[in-house]
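Chemist: Here the numbering used here is used: the first residue of the sequence shown is 150, the next is one more, and so on. Cβ atoms here follow ideal geometry from the backbone N, Cα and C, with glycine treated the same way.
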Amino acid sequence: MKCINRKKAVKIAGLILSFSLLWGCGEPVEIKDAYDITESARAYGLTSESSGTSHSFFAKDLCVAGNENLLSENVTDALSQAAGLFDLNKSTMIFGKNVHERLYPASTTKILTAYVALKHGKLTDSATVTEAELQLEPGSSTCGLAVGDTITLEELLYGLILCSGNDAANVIADTVSGSTEKFVELMNQEAKSIGATNSNFVNPHGLQDEKHYTTVYDLYLIFQAALQNEEFQKIIGTQEHNGQYTSSSGEASVKEWKTTNKFLNGEKEQPEGIQIIGGKTGTTSSAGSCLALYSKKGEAPYISIVFKADNADSLYTEMTELLKEIPNSG
150 MKCINRKKAV
160 KIAGLILSFS
170 LLWGCGEPVE
180 IKDAYDITES
190 ARAYGLTSES
200 SGTSHSFFAK
210 DLCVAGNENL
220 LSENVTDALS
230 QAAGLFDLNK
240 STMIFGKNVH
250 ERLYPASTTK
260 ILTAYVALKH
270 GKLTDSATVT
280 EAELQLEPGS
290 STCGLAVGDT
300 ITLEELLYGL
310 ILCSGNDAAN
320 VIADTVSGST
330 EKFVELMNQE
340 AKSIGATNSN
350 FVNPHGLQDE
360 KHYTTVYDLY
370 LIFQAALQNE
380 EFQKIIGTQE
390 HNGQYTSSSG
400 EASVKEWKTT
410 NKFLNGEKEQ
420 PEGIQIIGGK
430 TGTTSSAGSC
440 LALYSKKGEA
450 PYISIVFKAD
460 NADSLYTEMT
470 ELLKEIPNSG
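(1) Since Gln373 is in the alpha helix (DSSP H), which residue starts that stretch and which ends it?
(2) Can you name the residues that DSSP bridges to Ile300?
(3) Near Gln424, what residues of its chain come up, given a Cβ to Cβ distance below 7 Å and the 5 sequence neighbours on each side ignored?
(4) Specify the secondary structure class of Tyr443 as computed by DSSP and reduced to three states.
(5) What three-state label does DSSP hand Ser326 in the structure shown?
(6) Do Gly392 and Val403 have their CB atoms nearer than 9 Å?
(7) Counting along the chain, where does the beta strand (DSSP E) carrying Gln382 start and finish?
(8) What residues in its chain sit with their C-beta under 7 Å from that of Ile210, if we drop five residues either side in the sequence?
(9) Contact between the region 236-250 and the region 259-272: three or more CB pairs below 8 Å?
(10) Please state whether DSSP places Ser402 in a helix, a strand or coil.
(11) Gln484: buried (16+ other C-beta within 10 angstroms of its C-beta) or exposed?
(12) Assuming His390 is part of the beta strand (DSSP E), what are its boundary residues?
(13) Closest to Gly399 by CA distance: which of Thr299, Glu380, Ile426 is it?
(14) Going by the DSSP bridge assignment, what does Pro353 pair with across the sheet?
(15) Nearest CA to the CA of Asn378: which residue from Asn315, Lys417, His269, Thr364?
(16) Going straight from the alpha carbon of Cys292 to that of Thr387, what length do you get?
(17) Quick check on the DSSP output: the alpha helix (DSSP H) that includes Thr466 runs from which residue to which?
(18) What's the call for Val278, buried or exposed, on a 16-neighbour Cβ count within 10 Å?
(19) Rounding to the nearest angstrom, what Cα-Cα distance links Glu297 and Ser396 in this structure?
(20) Does Asn477 come out as helix, strand or coil in the three-state DSSP assignment?
(21) Would Leu356 and Glu286 qualify as a contact pair, given that the criterion is a beta-carbon distance under 9 Å?
(22) Under DSSP, the beta strand (DSSP E) around Tyr149 begins and ends at which residues?
(23) Quick one: what's got a C-beta closer than 6 Å to Ala214's C-beta in the same chain, skipping five residues either side?
(24) For the candidate residues Tyr451, Cys439, Gly447, Pro476, whose alpha-carbon lies nearest to that of Ala461?
(25) Between the region 336-349 and the region 368-376, do three or more beta carbon pairs fall short of 8 Å?
(26) Candidates Val333, Pro353, Thr364: which alpha carbon is nearest Asp316's?
(27) Spatial neighbours of Gly308 within its chain, please: C-beta separation below 7 Å, excluding the five flanking residues on both sides.
(28) Which value, in whole angstroms, describes the spacing of the CA atoms of Lys411 and Glu359?
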């Protein structure tokens with residue numbers, strides 16, 4: 150009996166299994182246009198002309214980024230660990246640096262928090278702040294909520310995005326899902342469903358945790374999904390907002406919230422010809438300085454992201470250089 154190398158035998162068995170899964174015991178199926186998903190589905194009997202079912206590729210309208218960096222001599226790439234510039238109309242990446250490297254996102258996490266809240270909650274939902282929701286590490290950014298305050302989900306979202314309220318994030322999680330744990334499950338579920346498979350989230354605010362990470366590319370996917378919601382666009386583009394709520398004493402109260410985005414609050418000059426709609430900042434000692442922006446040149450939309458810059462000045466310098474890479478043709 151002729152002996153066959155074990156590895157070769159395994160390889161042959163794998164090939165036989167693959168062909169069996171594709172064609173069973175019948176003849177090979179001929180597909181005229183193998184790269185047309187509808188044609189492929191029709192060839193294997195997964196659809197019919199009468200059903201009217203249509204198919205499209207998952208990444209049909211997404212920017213697809215490989216593992217190779219796509220740099221520019223006009224961008225000082227030493228200022229941060231990772232960065233990306235994405236053309237939403239043309240579905241292309243204009244600039245990419247370490248876009249698949251897992252990094253800590255800090256408060257840019259709140260883009261996903263807002264996305265989940267808008268998708269699964271109602272803006273009119275009301276919540277009363279608990280003591281547990283205000284248990285945050287010293288120096289944590291908040292929007293100034295107090296125990297017993299009653300506030301709507303809509304107002305919480307402004308506090309979440311504008312002044313990066315970690316207290317708002319905790320209240321949102323409980324309001325939408327009943328607990329932080331269940332909300333985080335929903336965050337990860339939604340992230341995976343839109344293709345952000347290289348990420349893991351353990352809280353709704355982005356405070357440091359070794360198991361809480363994402364990538365520039367995954368955040369692009371999350372951000373572009375959130376931008377499909379008009380309310381999200383409105384919130385991230387707001388410079389100042391008077392948050393209305395009812396205090397624990399029952400009095401109608403107002404808090405003034407201002408954006409932490411230095412392009413929107415005037416601390417940093419916007420690049421000429423670029424309209425910065427809005428975005429989200431993020432900073433921790435481990436994550437460094439982070440920023441995700443939604444901008445337009447003319448009518449053409451773009452997402453730009455910088456992760457782990459050494460400080461705010463480096464962050465906004467590189468972001469400015471990135472935005473200047475947007476072509477004049479739009």
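Modeler: Short version:
(1) Note, Gln373: alpha helix (DSSP H), 365-375.
(2) Answer by DSSP bridge pairing, in chain order: Ala276.
(3) Take Gln424, set aside five residues on each side of it, and the residues of its chain with a beta-carbon closer than 7 Å to its own are Ser444, Lys445, in chain order.
(4) Strand, per DSSP.
(5) Correct three-state label for Ser326: helix.
(6) Cβ distance < 9 Å, so Gly392 and Val403 count as in contact.
(7) Gln382 -> not in any beta strand (DSSP E); alpha helix (DSSP H) instead, spanning 379-385.
(8) Per the sequence shown, residue 210 should be read as Asp rather than Ile. Same-chain partners within the cutoff: Ser240.
(9) Judged by Cβ distances under 8 Å, the region 236-250 makes no contact with the region 259-272, as fewer than three pairs qualify.
(10) Assigned with DSSP and collapsed to three states, Ser402 falls in strand.
(11) Shown here, the chain extends from 150 to 479; a query on residue 484 therefore has no answer.
(12) Bounds of the beta strand (DSSP E) holding His390 are 389-395.
(13) Measuring C-alpha to C-alpha distances from Gly399 to each of Thr299, Glu380, Ile426 identifies Thr299 as the nearest.
(14) Pro353 pairs with nothing; no bridge assigned.
(15) The candidate whose alpha carbon is nearest that of Asn378 is His269.
(16) Near 15 Å, if we compare the C-alpha coordinates of Thr387 and Cys292.
(17) From DSSP, the alpha helix (DSSP H) with Thr466 extends over 461-472.
(18) By the neighbour-count definition (other C-beta atoms within 10 Å, threshold 16), Val278 is a buried residue.
(19) The sequence shown places Gly at residue 297, not Glu. Going by the C-alpha atoms only, they are around 7 Å apart.
(20) DSSP places Asn477 outside both helix and strand once states are collapsed to three, so it counts as coil.
(21) Going by C-beta atoms, Leu356 is nearer than 9 Å to Glu286.
(22) Because residue 149 is not part of the residues shown, which for the chain are 150 to 479, the question remains open.
(23) The residues are Met242, Gly245, Val248, Tyr366.
(24) Between Ala461 and the set Tyr451, Cys439, Gly447, Pro476, the nearest pair of CA atoms involves Cys439.
(25) Enough Cβ pairs lie closer than 8 Å, so yes.
(26) If we check each option's Cα against that of Asp316, Pro353 comes out closest.
(27) Cβ neighbours of Gly308 beyond the five flanking positions: Cys292, Gly314, Ala317, Gly392, Trp406.
(28) C-alpha separation (whole angstroms): 28 Å.
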